[in-house]
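Residue numbers (our numbering): 4 to 307.
Idealized CB from N, CA, C, for every residue including glycine.
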Amino acid sequence: MHVVRGNLSPAEANLALSNLAEASISTVLSAAVEDFVDWCGPISNGGVAAIFLDDLASREAHPGVAANMLLVHDGERVDDNERLYRQFRAALTDLAQDNLLLSPVPRRSKAVRALPLSGLKGHVGASETGEVPVLTRARCFFECGDLEIGRRFGEAQRAILEECGDDDALLSKLRKPPKGPAEADVSTFVQARGGLEDVERAARILQLTETGLDLDDPAPSAAAVFAAAGAKHLEEAAGTWRGLQGVVRLVGEDGFDVTEAGEGVKSLVASACGQEDFAELNAAVAETARRSAEEIDTLMSRVR
């Protein structure tokens, strides 16, 4: 509601929600570790790091954000590790149930995967399908046992992303524009050309290929990547899409179509996005996407 009332910008709200999600998840993981230690004794063989992925990693949380995570471990006591992972998953599932911030975690979901540090590359490296490597937005936020596990994960992450940046086949697939709508409006801005997913794709290609960006963040937002690259419009577009995404999720669940809502809701969304009315918001969305698509095409033609 602070966004609707103008007390917080959408970007400030995303950061506040991200901090809240991280604090909440860290608390339940800490409690799970305490229970584990009470039953099994101290974690003495290796360590476990909890890694945020996607929007939680880049601190762009919104209502209904997916709690996508990795549990990265080393050491050889597989049975103990599995027991701890089950407690982590159960704690996260309980936390996300009927939670206004986090989307529910389905039972037997792959939202929280456990991987050995030594096998990280084979599971989250370059994808044959041409998807953006998940490690472009991955951030360690919790460690237990050997507290060097987070540092070692960071080293592995950087090495894997460097290899992805040299993978011509992957980059060729990533350069292909999305198959979404050619023109964007408030209901299609995520999938449309020049929309949220297209802008994110372009940012990750830059992140993988431009060595001089000097990004001091393991999970930079698309806006941060474009800022480092000097792509001013795309930086602004990335912020616009994230702001619109957050506002839309404030007033409706995943899949909610604002264009089908009542005039009061449309007016509220437009106002929260800094526009006079819904028609102006739609026009601004269309123009932002059109220009973004043009700049992405130009940018991709220059990428090695």
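Beta-carbon proximity list for residue i, same chain, < 7 Å, skipping 5 on both sides
| i | result |
| --- | --- |
| Ala187 | Ala195, Gly197, Gly198, Val288, Ala289, Ala292 |
| Asp38 | Gln90 |
| Asn285 | Asp188, Val189 |
In DSSP terms, what residue i is bridged to
| i | result |
| --- | --- |
| Asn116 | Per the sequence presented here, residue 116 reads as Arg, with Asn not at that position. DSSP, once it has assigned bridges, lists Leu73 as partnering Arg116. |
| Ala141 | Leu56 |
| Leu105 | Val68 |
| Val51 | His76, Cys147 |
Coil, strand or helix - residue i by DSSP
| i | result |
| --- | --- |
| Val135 | coil |
| Ile46 | coil |
| Gly148 | strand |
| Val36 | helix |
| Ala289 | helix |
| Gln160 | helix |
| Lys269 | helix |
| Val306 | coil |
| Ala206 | helix |
| Arg110 | coil |
| Val189 | coil |
Residue i, buried or exposed, once every other Cβ within 10 Å from all chains shown has been counted against 16
| i | result |
| --- | --- |
| Ser295 | buried |
| Ser61 | buried |
| Thr139 | buried |
| Asp58 | buried |
| Asp201 | buried |
| Lys179 | exposed |
Close Cβ partners of residue i (< 8 Å) along its chain, the five nearest in sequence each way excluded
| i | result |
| --- | --- |
| Ala14 | Gly242, Arg245, Gly246 |
| Thr212 | Gly168, Leu174, Val306, Arg307 |
| Ala185 | Ala195, Arg196 |
Contact check, residue i vs residue j, beta carbons under 9 Å
| i | j | result |
| --- | --- | --- |
| Gly249 | His65 | yes |
| Leu73 | Val115 | yes |
| Val68 | Ala24 | yes |
| Glu298 | Ala234 | yes |
| Val193 | Thr262 | no |
Same chain only: Cβ atoms within 6 Å of residue i, ignoring 5 sequence neighbours per side
| i | result |
| --- | --- |
| Ser106 | Gly67, Ala69 |
Closer than 8 Å: residue i CB and nearest the ligand NAD heavy atom
| i | result |
| --- | --- |
| Gly122 | Among the components of this structure there are no ligands whatsoever, and the ligand NAD is therefore not found. |
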